[in-house]
Amino acid sequence: MSDAPNAEQSISITIDGTAYRKHNKHWYPDGNIIFTVENLAFRVFKSFLIRRSEVMALVLTVPQPNEPSEDNRTSHNQQSMIDGIPVVSLSDPARDFDLLLDMILPQTCASAPISSDTPWGKLLGLAQIAQKYGVDDVLAQTVVILDGILPTTDNQGAYTGPTDPICVIEWARRCSLPQYLPMAFYYLTTIQWGLHNIDLRTIQRLPPSDQVRIQQGRAKLQSEVIKAAVTRWENTCVGSWRPEKGCPSRDRSCWMGYEGKAWDADANEERWTNLLLHPLEELSKRVDDREIIPLSGVCSSCRQEFIEANRRMRRDLRAKVMYSNSDSDMEDCPRVIRVINWKDPRTPVIIGGTHYYKDLYHWYDDGNIILIVQDNAFRIFQSILIKRSQVLKDVLGLPPATATNEANGSVSDRQPILFEGAPVVRLNDKARHFQLLLNVLLPKDFDKLPISEDLRREDLMGLTQIAKKYEFDDVTARAVSVLQKVLPTKEQPDKPISTRNSSFNIRLWVQVINWARLCGLPQFLPLPFYHLATNEWKDANPESLSKAVSSGSVEDSYRPRNVAGFNLRGWGFPAWEGVPRQRMWDDTRRTNVERRN
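Quick note on numbering: numbering that gives the first Met the number 0 labels position 450 of the sequence shown as 449, and the sequence is numbered without any gaps.
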């Protein structure tokens with residue numbers, strides 16, 4: 000019975016007499032600021048938000064407004080505090096704020112927080128809150144995805160009823176994204192309202208000027224269609240009207256010259272009605288090879304003329320739709336706001352009497368742990384690490400090391416190094432690789448993905464190695480998937496890896512072998528041995544080659560020779576007469592299979 004209150008206390012918190020539920024992902028025990036949004040409480044890191052958002056920097060650094068007391072003569076600060084941590088109340092939808100934090104504090108890199116599968120209603124909210132707080136890279140990424148979902152040219156896209164385009168119109172104006180307005184108005188202009196059971200108040204959400212625009216747009220659109228299409232031979236809907244010129248080829252079997260119809264008489268009225276009600280969609284069917292309406296009774300020249308004329312009609316009509324349904328006061332609004340550059344010069348710092356440099360990207364002034372990696376000092380947030388890595392959770396949770404006095408054999412606790420109250424931990428890694436890992440855990444922006452083929456091969460291999468070491472499984476999986484496109488695997492024997500000389504190739508293959516063994520990734524082993532076996536050794540520099548192969552094991556130095564029978568006696572390698580060439584493939588497979596210990 001005693002467990003229930005503890006469990007309840009662990010998921011709820013009371014602030015100023017109001018109960019909130021701790022967010023299941025973005026409540027970090029070492030966070031230094033709390034946001035209350037609707038009935039949720041988020042505990043995050045102030046400096047990280049300030050670095051990502053100029054608006055947040057103003058909100059969190061400007062003093063809170065003072066609230067007059069009852070006698071109207073004195074005032075007191077109304078900002079709430081709980082356990083010494085400031086509490087800020089936001090008026091945003093909790094769903095939008097949650098998704099924004101998912102973007103800037105991702106929980107995994109196995110899958111992106113947003114994609115084309117994300118409901119576009121959630122993307123609208125994310126774009127709005129990202130623009131509100133000036134998180135420009137998140138806004139840009141969201142708009143890119145929305146461009147593939149919402150119609151911006153002549154397709155209906157995600158619209159399934161009048162409520163959808165009305166929501167988009169309201170949102171596009173709030174966010175100054177005018178590119179989504181024309182097709183939203185076009186949908187409302189061409190929709191058959193009688194087919195949708197909706198409340199009249201739905202259309203009344205738009206201002207009166209927009210309601211007038213929709214009604215006038217319908218009449219104007221049909222007028223433009225009639226003007227451009229009524230004289231076309233394929234659009235006759237009564238009788239067997241014959242065009243004056245007839246078929247240019249004088250082909251009397253061509254319907255244009257005989258009956259003046261592109262399809263059966265029963266379909267004439269349907270095609271004409273569809274052209275009046277949904278002109279862009281109907282014209283799209285007439286020019287799209289995948290959906291083109293069969294013209295069984297039309298000669299090739301008339302068929303080509305039919306397609307070109309309807310394509311020209313659609314282009315002109317679309318231009319008029321885009322112009323008439325745009326907001327003139329929003330024409331010059333940029334689609335994406337400027338991207339903020341957060342780069343700072345490296346700053347020296349003395350920690351424990353030793354000179355280091357604050358990392359360019361990952362030194363947060365309110366971080367609660369400092370990690371020393373080579374000459375770089377990273378000041379970050381402990382819960383970010385231990386939430387994703389069991390290894391770091393164990394390492395950072397260990398008690399301080401003990402020191403032994405050699406004179407008397409006594410043992411005493413070694414005092415941990417502190418810097419501005421934050422414990423300092425030294426890691427035996429490469430600073431560049433650790434920085435890449437933090438770029439994944441705490442992404443700077445979305446202009447460049449933290450793990451992509453744009454990274455150097457050495458960086459990808461180093462990131463994989465450090466992620467494997469600290470058991471960031473999702474980071475490892477993502478890095479390996481990218482490396483499989485960069486490094487050759489069993490499925491890619493001809494993948495080019497270098498344009499330099501043979502000595503460089505040999506060193507690289509040996510490096511890949513050592514790295515694959517260290518990371519326990521045997522899928523990358525067979526082809527490096529294969530390439531070493533088939534390399535043009537005679538073109539390699541002997542000194543460079545000796546250094547390259549000597550970095551591997553003695554057994555590995557035999558493997559390329561054993562497969563291909565190359566004579567390396569003159570370069571100081573163990574000599575062997577080789578194997579018959581008909582056994583080359585069998586030996587390659589047998590000698591290159593790794594046995595994991």
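For each residue, glycine too, the CB sits at the ideal point set by N, CA and C.
Bear in mind that the values here come from a model prediction, so they are computed numbers and not experimental data.
Excluding the 5 residues flanking residue i on each side, which residues of the same chain have their C-beta closer than 6 Å to its C-beta?
i: Q464; result: C518
i: L123; result: W170
i: Q483; result: none
i: A183; result: P164, V167, I168
i: M102; result: P112, V137
Whose C-alpha, out of the options, is nearest the C-alpha of residue i?
i: A111; options: I505, P415, V137; result: V137
i: N23; options: A93, I168, V134; result: A93
i: L89; options: I190, V36, I306, P206; result: V36
i: Q510; options: C253, E304, M460, D472; result: M460
i: Y360; options: F41, L274, I49; result: I49
i: C246; options: A266, I190, T272, F305; result: F305
i: D91; options: S11, L205, T60, F41; result: F41
i: T201; options: K226, A56, P161, K429; result: P161
i: R204; options: I512, L316, D163; result: D163
i: K386; options: L39, D458, Q106; result: Q106
i: K468; options: K392, L274, E233, Q303; result: K392
i: L220; options: Y322, N234, I113; result: Y322
i: L316; options: Y363, K226, S114, R431; result: K226
i: N267; options: L526, V229, I113; result: V229
i: M80; options: V143, A56, I12, Q140; result: I12
i: Q140; options: Y158, E233, S115, T151; result: S115
i: S175; options: R270, T159, V142; result: V142
i: R431; options: D458, W271, R270, I213; result: D458
What distance in whole Å lies between the Cβ atoms of residue j and residue i, which are believed to be in contact at a cut-off of 8 Å?
i: V485; j: C108; result: Not quite, the Cβ-Cβ distance comes to about 17 Å (not below 8 Å), so this is no contact.
i: A126; j: L145; result: 7 Å
i: V669; j: G351; result: Outside the displayed span of the chain (0 to 596) sits residue 669, for which this structure offers no information.
i: A308; j: R231; result: 7 Å
i: L462; j: L436; result: 6 Å
i: V134; j: S52; result: 5 Å
i: S222; j: S300; result: Between S300 and S222 the Cβ distance is about 31 Å, and since that is not below 8 Å, they are no contact.
i: I128; j: D82; result: With 8 Å as the limit, I128 and D82 do not qualify as a contact, their Cβ atoms being about 27 Å apart.
i: V58; j: K131; result: That pair is no contact at about 11 Å.
i: I33; j: R20; result: I33 to R20, Cβ: 13 Å. No contact.
i: L98; j: K121; result: 6 Å
i: A512; j: L524; result: Per the sequence shown, the amino acid found at residue 512 is Ile instead of Ala. Indeed they touch by this definition, with Cβ atoms about 6 Å apart.
i: N31; j: I84; result: 6 Å
Less than 7 Å between the C-beta atoms of residue i and residue j, yes or no?
i: I165; j: V86; result: no
i: Y185; j: V320; result: yes
i: F433; j: V394; result: no
i: P177; j: V224; result: no
i: I379; j: G366; result: yes
i: A478; j: I450; result: yes
i: V474; j: E452; result: no
i: L282; j: R313; result: yes
i: H530; j: W508; result: yes
i: G216; j: T188; result: yes
i: Q522; j: D29; result: no
i: F418; j: I369; result: yes
For residue i, write down the residues that DSSP places opposite it in a beta bridge.
i: K21; result: A40
i: T13; result: A18
i: I663; result: Summary: the structure shown does not reach residue 663, with the chain confined to residues 0 through 596, and so no result is reported for it.
i: V423; result: I369
i: F418; result: A421
i: R212; result: BP columns for R212 are empty, so no partner.
i: S88; result: T35
i: W362; result: R378
Taking 7 Å as the limit between beta carbons, can you name the residues of its chain near residue i, skipping five residues before and five after?
i: H354; result: P347
i: D358; result: N375, A376, F377, Q434
i: R425; result: I371
i: R310; result: V286
i: A421; result: G366, N367, I368, I369, R378
i: A18; result: S11
i: T151; result: Q178, Y179, M182
Using C-beta distances below 8 Å, list every residue in its chain close to residue i, excluding the 5 sequence neighbours before and after it, in chain order.
i: Q389; result: E470
i: L104; result: H25, V43, F47, I383, L441
i: K429; result: V372, Q373, G461, I465
i: G408; result: In this prediction, G408 scores a pLDDT of 46, lower than 50, which makes its location untrustworthy; no coordinate-derived value is stated.
i: Q191; result: L276
i: L274; result: V224, A228, N234, E281, L282
i: Y363; result: F44, S46, F47, R50, R378, I379, F380
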